[in-house]
């Protein structure tokens, strides 16, 4: 097993552990901090899998912007920790856990039956320059549509988040 | 050429992450935790795409991750605005408390 495989498995274990921590925390603040760790580990994995530019974007957008946005909203709304009893909390996890494990079994089966993906990936990296050239040559229209999507999201968020007019919102 | 792991292992990791996110979105009652579950699912999809880009040595997979990130960013912006809006209207972000129709 090469050193890169070891790095992959360690990063994968870190990602799964921090994500499990994040989705089970009853305090939303703790969940968000755990999730930021998970996204940073995911960015390292992106770098390992030959996407240095996307690794940087993952840190900037997911671990940076999105998590900070979550943090601000949680602080603004003063959301308290889930104060139901532990039994109720665990009970609401039973059915989703069952469904997720069943789906995972079938995904494992499908991946095992697929024979074409068993040889190891070779280490390559797409330079940001080549990636940018490719993106704007082949997917320029999709990039424009994406920018329009971001603009519409901005307008929608402003419209939903505006005040009632008395506070100058 | 140094090798990493088979593509199937990348797919398996992405599947586990995706199901963790889906489980979070289904099980939790807090609207913000539901949105976090959706974020985890989108990130897992990005991981699968990057593995595919490496497996077939095509840049298309990486291009799609850019679009996934844009969709995730706009989804979270609109989603959080909706949460703030419903918190203003009903005073709670607990999905179980939206029971006005039940009387």
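Chains as they are written, first to last, in my numbering: chain A, 49 to 217; chain B, 24 to 126.
The C-beta atom is built at its ideal place from N, Cα and C for all residues, glycine as well.
Beta-bridge pairing of residue i - partner residues as DSSP gives them
i, result
"residue 117 of chain B", "B:53"
"residue 170 of chain A", "B:26"
Delimiting residues of the alpha helix (DSSP H) encompassing residue i
i, result
"residue 99 of chain A", "No alpha helix (DSSP H) contains residue 99 of chain A, which DSSP labels as neither H nor E."
"residue 51 of chain A", "51-72"
"residue 124 of chain B", "That residue, residue 124 of chain B, is in no alpha helix (DSSP H); it is neither H nor E in DSSP."
"residue 128 of chain A", "Looking at the DSSP string, residue 128 of chain A is not in any alpha helix (DSSP H), and its letter there is neither H nor E."
"residue 196 of chain A", "188-209"
"residue 149 of chain A", "134-161"
Whole-angstrom C-beta distance between residue j and residue i, which should lie under 8 angstroms
i, j, result
"residue 71 of chain A", "residue 60 of chain B", "7 angstroms"
"residue 37 of chain B", "residue 74 of chain B", "7 angstroms"
"residue 87 of chain B", "residue 67 of chain B", "Their Cβ separation, rounded to whole angstroms, is 14 angstroms, which puts residue 87 of chain B and residue 67 of chain B out of contact at 8 angstroms."
"residue 93 of chain A", "residue 52 of chain A", "About 11 angstroms; that fails the 8 angstroms criterion."
"residue 96 of chain B", "residue 198 of chain A", "7 angstroms"
Residues of the segment 60-81 of chain B whose Cβ lies closer than 8 angstroms to any Cβ of chain A, in chain order
Within the segment 60-81 of chain B, the qualifying residues are 60, 62, 63, 66, 69, 70, 73, 74, 76, 77, 78 and 80.
Using a beta-carbon distance cut-off of less than 7 angstroms, what residues from the segment 50-64 of chain A approach chain B?
Sequence-ordered contacts of the segment 50-64 of chain A with chain B read 50, 52, 53, 56, 60, 63 and 64 [C-beta pairs closer than 7 angstroms].
Determine which residues of the segment 88-101 of chain A have a Cβ less than 9 angstroms from any Cβ of chain B, and write them out in chain order.
For the segment 88-101 of chain A, the set of positions with a beta-carbon nearer than 9 angstroms to some beta-carbon of chain B reads 90, 93, 94, 96, 97, 98, 99 and 101 in chain order.
Using Cβ-Cβ distances below 8 angstroms, what residues of the segment 73-88 of chain A are close to chain B?
The segment 73-88 of chain A vs chain B, Cβ under 8 angstroms: 76, 79, 80, 83, 86 and 87.
Residues, ordered as in the chain, of the segment 125-137 of chain A that lie near chain B by beta-carbon distance below 7 angstroms
Here the close residues are 125, 127 and 130.
Residues of the segment 104-118 of chain A in Cβ contact with chain B at a cutoff of 8 angstroms, in chain order, please.
Hits within the stretch, in order: 105, 106, 109, 110, 113, 114, 117 and 118.
Under 8 angstroms, CB to CB, which of the residues in the segment 101-123 of chain B have a partner in chain A?
Taking 8 angstroms as the upper bound on Cβ-Cβ separation, chain A lies near residues 101, 103, 104, 105, 106, 107, 108, 110 and 116 of the segment 101-123 of chain B.
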